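Shown next, in structure tokens, is the structure this report addresses.
Numbering (this note's numbering), first residue to last: 152 to 284.
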């Protein structure tokens, strides 16, 4: 196993720990307080912000692909964990919470965007869910 492979596996494990922590924190203290703890990124993210944010989001995708559903968290906990990691990296982003359009069965979803580009969700998520708030 090469050093980059080991680093990636460790990054995925750290992200998984964050997902589990966010899942528990939201249940214990609520979303508003967790969002306050996460804070906002300080900085502009630099020229490579989109590429770096996609690299970080790939760790969330790895969790979704490899972990049993019960251990992979839900869309909110994964998005909060990604948001926290992006804040630490100084990358601007937005945590988005949406609901199914009127007239469709109720469904809600959370994802993270950088400059309007979904990071941990397909690009058409904005068509499938309407932003709340």
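Beta carbons are placed, not taken as given, at the ideal position from N, Cα and C, and that holds for glycine.
Fair warning: this is a prediction, and the values are worked out from it, not measured in the lab.
- No Cβ-Cβ contact shorter than 8 Å links residue 268 with residue 196.
- Pairing residue 262 with residue 226, the inter-Cα distance amounts to about 7 Å.
- In the structure shown, residue 255 falls within a coil segment according to DSSP collapsed to helix, strand and coil.
- Residue 162 and residue 210 do touch by the CB rule: their CB atoms are close to 5 Å apart, below 8 Å.
- Where residue 161 is concerned, the enclosing alpha helix (DSSP H) starts and stops at 154-180.
- Within the same chain, and ignoring the five residues on either side of residue 200 in sequence, the residues whose Cβ sits closer than 6 Å to its Cβ are 242.
- Taking 8 Å as the cut-off, the Cβ atoms of residue 247 and residue 192 do not count as close.
- Residue range 200-217 is occupied by the alpha helix (DSSP H) that includes residue 207.
- Counting along the chain, residue 246 sits inside the beta strand (DSSP E) bounded by residues 245-250.
- Beta-bridge pairing by DSSP links residue 184 to no other residue.
- With a cutoff of 8 Å on beta-carbon distance, residue 250 and residue 259 are scored as near each other.
- Bridge pairing for residue 261: 248 [DSSP].
- Contact annotation, residue 208 with residue 270: C-beta distance approximately 4 Å; criterion of less than 8 Å satisfied.
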